[in-house]
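Worksheet: the structure to be examined is printed underneath.
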Amino acid sequence: MSWTDERVELLKKLWTDGLSASQIAAELGGVTRNAVIGKVHRLGLSGRTKTSRPSAPRVRKARRPSMPPRPTTRVIGNTALKLNVVAEQQLEAEVVPMRVLAPVEELFIPPEERATILQLNEHTCKWPIGDPGQEDFYFCGRRSMSGVPYCEHHSRVAYQPATDRRRPKSAG
DNA sequence: CCCTGATTCGC
DNA sequence: GCGAATCAGG
Numbered sequence: 023m024s025w026t027d028e029r030v031e032l033l034k035k036l037w038t039d040g041l042s043a044s045q046i047a048a049e050l051g052g053v054t055r056n057a058v059i060g061k062v063h064r065l066g067l068s069g070r071t072k073t074s075r076p077s078a079p080r081v082r083k084a085r086r087p088s089m090p091p092r093p094t095t096r097v098i099g100n101t102a103l104k105l106n107v108v109a110e111q112q113l114e115a116e117v118v119p120m121r122v123l124a125p126v127e128e129l130f131i132p133p134e135e136r137a138t139i140l141q142l143n144e145h146t147c148k149w150p151i152g153d154p155g156q157e158d159f160y161f162c163g164r165r166s167m168s169g170v171p172y173c174e175h176h177s178r179v180a181y182q183p184a185t186d187r188r189r190p191k192s193a194g
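In the numbering used here, each residue's number is its place in the first sequence (first place is 1) plus 22.
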């Protein structure tokens, strides 16, 4: 893929809209977040965050001459299927009693990042989005912290304080 | 570990 | 110009 005028416009729009580089990359498709960031800089759109210091030149290290990064591929048994089974069990035990019927779609997940039940594992967010009986139903799929079934965003929604979920209806 | 953007530099 | 590799902060 190349940076056509349309894609550049979309990039500028999404970046201005506040989406992260990885989100924009997923939305555009065919590019990585590095590509997005690089393009953003070349367009002069940077300056949104302050994670890097304005001064103090970074350490420039010689890049690899010419060699694949890491051809190391370790596959120890087929544990993938087991993870899927665990994911399903967790869905029945945790997600279903939650609030599947509630239309919770406040967080937009790009199509490329959406997860079906087969793609969930122990650290993907298992927050259901949409109606489980419909075709467009999917799971959040973003990364969740270890031991937590949801991503940071949906953890906040799932584990709301009791005071916020049910306020005193009759106070006098 | 995950994420984020910033920067360098081979292509 | 492009973007992977890398760096640096959270």
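All C-beta atoms in this analysis are idealised placements derived from N, C-alpha and C, irrespective of residue type, glycine included.
As the structure is a prediction and not an experimental result, all values here were calculated from the model.
Run through DSSP, which three-state label would Ser166 get?
Start at 1 with the first residue of the first sequence, and residue 166 comes out as number 144. Here Ser166 sits in coil by DSSP.
Applying the criterion that 16 or more other CB atoms from any shown protein chain within 10 Å of the CB defines a buried residue, is Gln156 buried or exposed?
Residue 156 sits at position 134 when you count from the first residue of the first sequence. Burial call: exposed.
Considering only C-alpha positions, which residue in the set Gly40, His145, Thr38 and Arg29 is nearest to Gly52?
To locate residue 52, count along the first sequence from 1; it is residue 30. Answer by Cα proximity: Arg29.
Kindly indicate the opening and closing residues of the alpha helix (DSSP H) around Val53.
As a working mapping, residue 53 is identified with position 31 in the first sequence. First-last for Val53: undefined, no H or E at that position.
By DSSP, does Trp25 sit in helix, in strand, or in coil?
Working through the first sequence from its first residue, we reach residue 25 at position 3. Three-state DSSP puts Trp25 in coil, outside helix and strand.
Of the choices Tyr160, Pro154 and His145, whose alpha-carbon is the least far from that of Cys173?
As a first step, residue 173 is located in the first sequence; it is residue number 151 there, counting from the start. Residue His145 is the option with its Cα nearest to Cys173.
Would you mind stating whether Phe161 and Cys147 have Cβ atoms separated by less than 8 Å?
Position 139 of the first sequence, counted from the start, is the residue given in the question as residue 161. Position 125 of the first sequence, counted from the start, is the residue given in the question as residue 147. Cβ distance < 8 Å, so Phe161 and Cys147 count as in contact.
Do Ala47 and Ala57 have their CB atoms nearer than 8 Å?
In the first sequence, the residue the question calls residue 47 occupies position 25. In the first sequence, the residue the question calls residue 57 occupies position 35. In contact: Ala47 and Ala57 (Cβ atoms closer than 8 Å).
Whole angstroms are fine: how far does the CA of Ser166 sit from the CA of Ser42?
As a working note, residue 42 is residue 20 in the first sequence. As a working note, residue 166 is residue 144 in the first sequence. Their Cα atoms are separated by approximately 17 Å.
Measuring straight from C-alpha to C-alpha, what distance separates Gly163 and Gly66?
Within the first sequence, numbered from 1, the residue matching residue 163 stands at position 141. Within the first sequence, numbered from 1, the residue matching residue 66 stands at position 44. The straight-line gap from Cα to Cα measures roughly 32 Å.
For Leu142, which of helix, strand or coil comes out of DSSP?
As a first step, residue 142 is located in the first sequence; it is residue number 120 there, counting from the start. The answer is coil: DSSP assigns Leu142 none of H, G, I, E or B.
Measuring only the C-alpha atoms, how far is Ser44 from Leu50?
Against the first sequence, residue 44 aligns to sequence position 22. Against the first sequence, residue 50 aligns to sequence position 28. About 10 Å.
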